[in-house]
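K.L.:
In the working numbering, each residue carries its 1-based index in the sequence shown increased by 350.
Cβ coordinates follow ideal geometry from the N, Cα and C atoms, glycine included.
For reference, the structure I am asking about is given below.
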Amino acid sequence: MKKLTLLGAAAKFDASCASSGGGRAGRKGQLGNAHMAGICHTWAADGRCVSLLKVLMSNACQFDCAYCQNRRSADVERATFTPEELSGLVIEFYRRNYIEGLFLSSGVYRSPDDTMALMIRTLEILRREHRFGGYIHVKVIPGASPELVDAVGLLADRVSVNIELPSRTSLSLLAPQKAPEKIFSPMDYIRRAQTMNLEDRRHFAHAPLFAPAGQSTQMIVGATPDTDLTILRLSQGLYRKYRMKRVYFSAYIPVGTHPALPPGGSQVPLLREHRLYQADWLMRFYDFTPDELLSEADPLLDSTLDPKCAWALRHPEQFPIEVNSAPYETLLRVPGVGVVSARRIVAARRQSVLRLEDLRRLGVVMKRARYFLTARGVFGGSMLPGSPFLREALAERADDGQLSLFAPPPPPGPALPPAPDKPAAAPAQAAHAGGPPIHDPSQHAALTAARRLSAHDLVV
Ligand code: SF4
């Protein structure tokens, strides 16, 4: 129990525990299965998934990474599981329905290979002796031998090597024992092993799977002065070169006193982590590149706007687009239009010409999208994409954050005046274009001209 308390708490800083991609049905004579849709059902207070038994094999570490609470020089109580202890815990917890899988990481106990050997033995007991079929995610220790990476890939669903810091300079400053090559070599080995495994399985249907849920990595954000642009460029490189399933970002939690770390033990805002995930999503599913989202002159993501809105505001010349004729790739660039709603628009406009009223039903978030599109030539926003007031209308306010389940409800405040985009009544203006009234008089003439132009040019 004491080891579990120590090693469970020590593992909480690793955010990369999501299980997307694992899919193995239960089989007769085996215990457990891995669900395709992910097995992470519960979330910690800070929003991170904790449904797996998330634990370290050992928190005794030979390395001295300045940002880590388990570093060799830290004054913390140490513990190490034996493979028998840990595998026994997993099985007992699984049988009691506490967990559905295992997320196993470790400090560098004696050496990278010794640590990997302990983890592999644990997995062998689980998979071979207990015939455990549940999801297992294992962290590969930087510097581990390829044979051990190979062995762990054949036992785990997902493997990952943490890149930890976004640049070579930061790594040599804060984690001098983790040379970049020790991190990239296992990543490269895993990618090549996956390719060979696919080839094997084409010829031999029963060839064992190698890391079927792919590989991922994690980066600590805010421990060093590296910008969001550097982080996103590195992430894109990792997706392309090593076919990463995910790159996770973890806002630095102050645990070290190294002079290169943020002063005063300041906590990096979780909002920065959130914006990076949004930008990462845009790169993976919306074909944005890091250099479209940010630039050398402006290398940090805007904390008040989601990255897609920020990009759209910087490119008013590309909007408004007409939903009935714009290509799918252009629809994807409209704030408020997601992959699903863009697909639905493309399917629905084959049947009929879409109106603004139809878009909400197709899943478009009109609160943002109406400033960037027309339907049948009709523009529904109260200001054009180039308006200097639009930024304020789209900005996310601090009180837009996620509500806590346990916080008391806020007291009722005084009645608010109507929001700029939702006036109480202005029928004369509203009737002008069939949309809400215009509040920026300087935009009125341009907007009217744009509506006439689009009505003529764009109605199918
Ligand atoms: S190797 Fe891992 S556990 Fe050890 S100090 Fe570095 S980050 Fe911490």
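Let me check understanding here. Comparing Cα to Cα, which of Pro516, Val689 and Trp661 lies closest to Ala629?
P.N.:
Trp661
K.L.:
Checking the sheet assignment: what are the DSSP bridge partners for Ser566?
P.N.:
Ser510 and Arg596
K.L.:
Starting from Tyr444, follow the alpha helix (DSSP H) in both directions and report where the run begins and ends.
P.N.:
Pro433 to Arg445
K.L.:
For my contact list, Ile486 and Leu504 are in at a C-beta cut-off of 8 Å; report their separation, rounded to the angstrom.
P.N.:
In fact, because the Cβ distance is near 11 Å, the residues do not count as touching under 8 Å.
K.L.:
Just to confirm the assignment, what range does the beta strand (DSSP E) spanning Lys489 have?
P.N.:
Tyr485 to Lys489
K.L.:
From which residue to which residue does the alpha helix (DSSP H) around Leu515 run?
P.N.:
Premise fails: Leu515 is in no alpha helix (DSSP H) and is neither H nor E.
K.L.:
Is Val440 near the ligand SF4, with its Cβ less than 7 Å from a heavy atom?
P.N.:
no
K.L.:
On the premise that Thr574 lies in contact with Ser522, defined as a C-beta separation below 8 Å, what is that separation, rounded to the nearest angstrom?
P.N.:
Between the beta-carbon of Ser522 and that of Thr574 there is about 11 Å, and that puts the pair past the 8 Å contact cut.
K.L.:
At a cut-off of 7 Å, would you count Gly731 as near the ligand SF4, judging by its Cβ distance to the nearest heavy atom?
P.N.:
no
K.L.:
Give the straight-line distance between the Cα atoms of Asp656 and Gly493, rounded to the nearest whole angstrom.
P.N.:
38 Å
K.L.:
Reducing DSSP to helix, strand and coil, say where Asp725 ends up.
P.N.:
Here residue 725 is Ala; the residue named in the question, Asp, does not match the sequence. Here Ala725 sits in strand by DSSP.
K.L.:
Using 10 angstroms around the beta-carbon of Gly785, count the other beta-carbons present and answer buried if the total reaches 16, otherwise exposed.
P.N.:
At Gly785, the pLDDT of 39 sits below 50, so the modelled position is not reliable; the number obtained from the coordinates is stated separately. When all chains shown are included, Gly785 counts as buried.
K.L.:
At the level of alpha carbons, what is the spacing between Arg666 and Tyr636?
P.N.:
The sequence given here places Pro at residue 666; Arg does not occur at that position. Their backbone Cα atoms lie some 18 Å apart in a straight line.
K.L.:
Can you tell me where the beta strand (DSSP E) with Val405 in it begins and where it stops?
P.N.:
Leu403 to Leu406
K.L.:
Start and end of the beta strand (DSSP E) containing Ser535?
P.N.:
Judged by DSSP secondary structure, Ser535 falls outside any beta strand (DSSP E) and instead within the alpha helix (DSSP H) spanning Pro530 to His553.
K.L.:
Only counting the same chain, and skipping five residues up and downstream in sequence, which positions put a Cβ closer than 7 Å to that of Phe560?
P.N.:
Gly503, Leu504, Ala543, Gln544 and Asn547
K.L.:
Which residues bound the beta strand (DSSP E) around Phe635?
P.N.:
Taken as a continuous stretch (DSSP letters only), Phe635 belongs to no beta strand (DSSP E), being part of the alpha helix (DSSP H) at Leu620 to Phe635.
K.L.:
Should Arg421 be listed as close to the ligand SF4, given that the test is whether its C-beta is under 7 Å from any heavy atom?
P.N.:
Yes, since a heavy atom of the ligand SF4 falls inside the 7 Å radius drawn around the Cβ of Arg421.
K.L.:
Can you tell me where the beta strand (DSSP E) holding Gln688 begins and where it ends?
P.N.:
Going by the sequence as given, residue 688 is Gly instead of Gln. Run containing Gly688: none; DSSP gives neither H nor E here.
K.L.:
Is DSSP giving Leu521 helix, strand or coil here?
P.N.:
helix
K.L.:
Are the CB atoms of Leu406 and Ser455 within a distance shorter than 8 Å?
P.N.:
yes
K.L.:
Do the stretch 727-742 and the stretch 684-701 meet, that is, are 3 or more Cβ pairs less than 8 Å apart?
P.N.:
Output reads no: the stretch 684-701 does not touch the stretch 727-742.
K.L.:
Would the beta-carbon of Leu356 fall within 8 Å of that of Asn420?
P.N.:
no
K.L.:
Do you know whose CA, among Ala359, Ile475, Leu468 and Ser401, lies nearest Arg428's CA?
P.N.:
Ala359
K.L.:
Grab me the residues of Ser653's own chain with a C-beta within less than 8 Å of its C-beta, minus the 5 sequence neighbours each way, in chain order.
P.N.:
Pro619, Leu621, Arg622 and Arg625
K.L.:
Mapping the DSSP letters down to three states, classify Val571 as helix, strand or coil.
P.N.:
In the structure shown, Val571 sits in a strand (DSSP, three-state: E or B).
K.L.:
Are Leu663 and Leu740 touching if we call contact CB-CB under 8 Å?
P.N.:
yes
K.L.:
What I want to know is whether the C-beta of Asp550 ends up closer than 7 Å to one or more non-hydrogen atoms of the ligand SF4.
P.N.:
no
K.L.:
By DSSP, does Gly451 sit in helix, in strand, or in coil?
P.N.:
strand
K.L.:
Are there 16 or more other CB atoms within 10 angstroms of the CB of Arg711, so buried, or fewer, so exposed?
P.N.:
exposed
K.L.:
Per DSSP, what kind of secondary structure is Ala601 in: helix, strand or coil?
P.N.:
Reduced to three states, the DSSP call for Ala601 is strand.
K.L.:
Can you name the start and end residues of the alpha helix (DSSP H) that Thr355 belongs to?
P.N.:
Element bounds for Thr355: Lys352 to Ala360.
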